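Undergrad: Under full-length UniProt numbering, the first residue of the sequence shown is numbered 1, with each subsequent residue one higher. Glycine is no exception: its CB is placed at the ideal position from the N, C-alpha and C atoms. Keep in mind it's a predicted model, so treat the numbers as computed, not measured.
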Amino acid sequence: MARGSQWKWWVAACAYWTLQGLAASSEAHSVRGVTWSHALLTDGFANVLWVPITVAVLNLGLRFPIERRHWRSRVALHVGGALVVSFFRATVIYSLDPYLGWYSTPPAYLSVLEHALLYNPFIYLLMLGLAHGLYFAEQLRLKDTQLARAQLHVLKSQLHPHFLFNTLNSISALVHKDPRGSERMIARLSDLLRGTLDSAAREEVPLRDELRTLQLYLDIQGVRFTDRLQVKHEIDQDTLGAHVPYLLLQPLVENAIQHGIAPRSAPGTVTVVARRDGPELVLEVRDDGVGLRAGTVAKTSGGGKGLWITRERLVQLYGPAHKLELKGREEGGAQVSLTIPFRTESVA
């Protein structure tokens with residue numbers, strides 16, 4: 001548990017034991033006929049004394065939880081902790097009894113200690129159980145986080161060879177038809193791979209960086225399609241600092257080019273849109289190509305491999321706080337729309 005949570009423990013412990021002290025004082029006043037002032041002084045103080053002990057036991061339990069590989073030493077440690085707490089409370093109460101008056105007649109120290117040993121270890125055990133609940137909840141959260149990061153890494157490692165394979169296919173198609181064009185594509189691919197390696201450790205990048213990476217890919221496709229491909233950008237300036245998953249737009253644009261523009265001989269246009277809608281960032285990639293075939297929407301709710309990887313990455317990063325939709329356009333072509341939270345800081 002982070003150190004920043006310590007103050008919360010103190011607040012929670014103070015609140016709980018103060019309420020417990022008030023309840024014990026009320027019982028002493030109503031059942032035993034003790035005055036309110038005396039009840040608050042004795043029963044209230046006895047309960048509030050548990051506040052620092054509670055925080056100490058929580059820290060001890062989180063630092064030394066009882067786990068299978070260390071259970072003997074940890075059980076011995078916490079048995080010793082329960083004994084220390086009992087001796088501590090017995091000593092404090094015995095020392096302060098002449099001033100606060102817990103007992104009508106001065107007790108022997110062994111009598112106070114005996115009562116403490118019969119009562120305090122059970123409270124220690126309850127607090128230790130709470131510490132273990134916090135510990136295992138934190139471990140579960142860490143495992144979920146590590147699993148999500150591992151899944152993101154796998155998805156990203158699948159995405160890189162996916163677009164590389166498709167780009168190499170584009171280059172091979174021009175090797176004999178346009179050797180100089182293929183050389184330019186290889187040079188652009190080198191720049192693209194260099195940028196990919198530089199950003200490999202980041203899960204998210206500002207939209208302006210994502211657009212620069214996308215432009216390298218578009219330069220490669222521009223060599224292949226020459227005057228058959230036109231790309232338009234409708235990017236609101238206030239979205240350029242928003243963080244988006246790295247290589248988010250490339251598979252969406254690739255899908256539009258391969259399935260919308262490439263199958264026909266006439267020129268086509270791909271439009272990339274970014275705008276802010278309140279707390280959300282809206283991104284669109286639309287084309288005026290051949291459109292979606294019958295049944296394609298149902299088949300490609302996850303899209304091709306690039307769209308499927310994109311969808312899975314969004315699920316891992318944003319959970320239900322995202323939306324991805326592929327649909328045909330009434331004026332012809334297709335459109336991919338996605339919505340993610342608008343923020344200027346990365347999630348990872």
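Look up R341 in the DSSP assignment and give the residues it is bridged to.
TA: The residue you asked about is not Arg; residue 341 is Pro in the sequence shown. Residue pairing by DSSP places P341 opposite E280 in a beta bridge.
Undergrad: Do you know how far the Cα of R313 is from the Cα of T339?
TA: 13 angstroms
Undergrad: Of the residues V223, I261, E325 and W17, which one's Cα is nearest the Cα of L188?
TA: According to the sequence provided, residue 188 is Arg. The question's Leu does not apply to it. Comparing Cα positions, the closest option is V223.
Undergrad: Which same chain residues, not among the five before or five after V244, have their C-beta less than 6 angstroms away from its C-beta?
TA: Only L207 and E210 meet the Cβ criterion.
Undergrad: Buried or exposed: where does S30 fall if 16 or more other Cβ atoms within 10 Å of its Cβ makes it buried?
TA: exposed
Undergrad: Find out if the Cβ-Cβ distance for the pair E280, F342 is shorter than 7 angstroms.
TA: A contact, by the Cβ cut-off of 7 angstroms.
Undergrad: Using a Cβ-Cβ cutoff of less than 8 angstroms, which residues in the same chain neighbour V297 once the five nearest sequence positions on both sides are dropped?
TA: Because V297 carries a pLDDT of 44, less than 50, the predicted location of this residue cannot be relied on, and the following value inherits that uncertainty. Hits under 8 angstroms: L326, K327 and G328.
Undergrad: Considering only residues of the same chain and omitting the five flanking positions on each side of T300, which have a CB-CB separation below 6 angstroms?
TA: Caution is warranted here: a pLDDT of 40 is assigned to T300, below 50, making its placement in the model unreliable, and the coordinate value is therefore given only provisionally. Within the same chain, T300 has close Cβ partners L326.
Undergrad: Assess, as a yes-or-no matter, whether the region 109–127 is touched by the region 81–95 under the definition of 3 or more beta carbon pairs within less than 8 angstroms.
TA: yes
Undergrad: Judging by CA-CA distance, which residue of A28, R276 and Y103 is the nearest neighbour of Q237?
TA: Put simply, of A28, R276 and Y103 the residue whose alpha carbon is nearest the alpha carbon of Q237 is R276.
Undergrad: In this structure, how does DSSP classify G289 when only helix, strand and coil are distinguished?
TA: Residue state, collapsed to three classes: coil.
Undergrad: So, for P49: in the same chain, excluding its five sequence neighbours on each side, which residues have a beta-carbon less than 7 angstroms away from its beta-carbon?
TA: The displayed chain sequence assigns Leu, not Pro, to residue 49. Within the same chain, L49 has close Cβ partners R89 and V92.
Undergrad: Could you give the uninterrupted runs of the alpha helix (DSSP H) lying entirely in the region 302–339, keeping only those of 4 residues or more?
TA: 305–318
Undergrad: Is E67 helix, strand or coil by DSSP?
TA: coil
Undergrad: Strictly by DSSP, which residues pair up with P206?
TA: H243
Undergrad: Measuring only the C-alpha atoms, how far is P263 from V290?
TA: 7 angstroms
Undergrad: Apply the 10 Å Cβ neighbour rule to N47 and answer buried if 16 or more other Cβ atoms are within range, or exposed otherwise.
TA: buried
Undergrad: Given a cut-off of 7 angstroms on the beta-carbon distance, is the pair V272 and V285 in contact?
TA: yes
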